[in-house]
Amino acid sequence: MIANMKIGERIYAAFIVRVQKIGLGSTGKPFGRGFLEDSSGQVGFITFDVPSIEKLKGLEQPAPMMIAGAVDGNKFNSGTETKLQIMVQKITNLMPEDDVSNLLPVGDFDHEQYENNLKKLIASLNNPVLRTLVQTIFNNDFYQFFIKNPGGKKLHHAYLGGLLQHTVDVTNLAKSMAETIGNVDMDLVVAGALLHDIGKTKEISSNYGFDYTRSGRLMGHIAVGVMLVQSAAEKLKMPMDILEPLVHIILSHHGDGEKGSPVACGTKEAFIVHYADELDATMNQFKTGTGDNWAFNQMLHRFLLNGNS
């Protein structure tokens, strides 16, 4: 596992290979550079092995491969710190008997309990129009994709089932905020929170590497989510006075244009879902632990106590 690697160790294991650059060094010698990933983290690699470089050239997206090599240290910050790097000596294709159980990260939560909570939240909708819409969307094939998908590619909830966990937690946070604030359309808050990230089922693949899909790169999860809602609403002949405030929540759930939302929050319900989403993504950066353990967090650009690096 990457998290347990030590300088000087030799490795032979399956990793997800993500190519960064293939080129020629100052001496004219070919090299390949990129990242190796497993469920515990990511580490950089470099290889000068020509057959391995040829294999890297054929990788159009992250893929699982068997890696043989050694753990080395790469100096940075003017030589004051050392970052692990794998000197790859050989890259080979996976065989059926190879162990790949360490490649896809799985969230540390009760998946069945979260599924039950999701169903209870949907059933709690009192507005029959919103309830029918949400039930129509969370149906059959879509539901199976939804409960398996990661909630992010790398920054938050980036593990199998992460989208389910994030959605349920955001919805519960939004409900609590709405109850405290008062004078809020609770059904709109719940429906908006449940649907705010549904576009991620088509934006991020649940396969090795959690790579972006074609739809994800071309449109992004906010646009895809709105399209899914509007398609279902059209079939149900949903009234615009209910549909538009719901779509506004999805469009604005990142807060404003600087954070990627096409429109800024303009309703109480939209602000509530936005802040619930932001808070849950932020809290997901912390991990349990003891002691004075500080680590730099890439998403928040700061050091966190017991935070993920």
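Note that the sequence shown ends on residue 494 in the working numbering; no numbers are left out.
In this text, a Cβ means the ideal position worked out from N, Cα and C, and glycines have one as well.
Here the structure is a predicted model, which means the values were calculated and not measured.
Query	Result
Between the segment 355 to 364 and the segment 374 to 394, do at least 3 Cβ pairs fall closer than 8 Å?	yes
Which word fits A308, buried or exposed, when buried means at least 16 other C-beta atoms lie within 10 angstroms of its C-beta?	exposed
Over the uninterrupted beta strand (DSSP E) stretch that includes P215, give me the two end residues.	215 to 223
Pick from A199, I201, V202, R218: whose alpha carbon is nearest that of G208?	R218
Should M186 and S225 be called a contact, given that it needs their Cβ atoms to be closer than 8 Å?	yes
From N302 to N312, what does the alpha carbon distance come to, in whole angstroms?	19 Å
Rounded to the nearest angstrom, what separates N482 and D396 at their Cα positions?	21 Å
Leaving out five residues on either side along the sequence, give the residues of the same chain with a beta carbon under 7 Å from the beta carbon of N469.	H341, H342
For D465, does the three-state DSSP call read helix, strand or coil?	helix
Suppose you measure from the CA of T352 to the CA of M280; what does that come to, to the nearest Å?	36 Å
Quick one: Cα of N262 to Cα of G337, how far?	With a pLDDT of 49 at N262, under the threshold of 50, the modelled position of that residue is not reliable, and the figure given next carries that caveat. Cα-Cα distance, rounded: 29 Å.
On the criterion of 16 or more Cβ atoms from any shown chain inside 10 Å, does R487 qualify as buried, or is it exposed?	exposed
Which residue comes first and which comes last in the alpha helix (DSSP H) that contains N301?	296 to 308
For D283, collect the residues of the same chain with a Cβ closer than 8 Å to its Cβ; drop the 5 residues on either side in sequence, then sort them by chain order.	A199, M251
Closer than 7 Å by C-beta to V409: which residues in its own chain qualify, once you throw out the five before and the five after it? Chain order, please.	G384, K387, E388, S400
Mind checking Q329: buried by the 16 CB within 10 Å criterion, or exposed?	exposed
With a cut-off of 8 Å on the beta carbons, I'd call T452 and P430 a contact; round off their distance for me.	6 Å
By DSSP, does D370 sit in helix, in strand, or in coil?	coil
What are the boundary residues of the alpha helix (DSSP H) that N325 is part of?	325 to 333
If distances are taken between C-alpha atoms only, which option among F456, K214, V204 comes closest to M362?	F456
With a cut-off of 8 Å on the beta carbons, I'd call L490 and T467 a contact; round off their distance for me.	Not confirmed; about 13 Å, so no contact.
Mind checking who L490 pairs with in its DSSP beta bridge?	W479
Between the Cα of S391 and those of G243, E239, A248, spot the shortest distance and give me the residue it belongs to.	A248
Quick one: what's K268 bridged to in DSSP?	N259
At what residue ranges does the segment 390 to 436 contain a whole run of the alpha helix (DSSP H), taking only runs of 4 or more?	399 to 403, 405 to 421
Using DSSP bridges, identify the partner residues of Q350.	The partner list for Q350 (beta bridge, DSSP) is empty, contrary to what the question assumes.
Give a yes or no on whether the C-beta atoms belonging to V285 and L269 are separated by under 8 Å.	no
By Cβ distance, which residues of its chain are closer than 7 Å to H438, with the 5 residues on each side in sequence left out?	H381, S446, V458, H459, D462
With a 10 Å radius around its C-beta and 16 neighbouring C-beta atoms as the bar for buried, classify A418 as buried or exposed.	buried
Under 8 Å between the Cβ atoms of T321 and L413?	no
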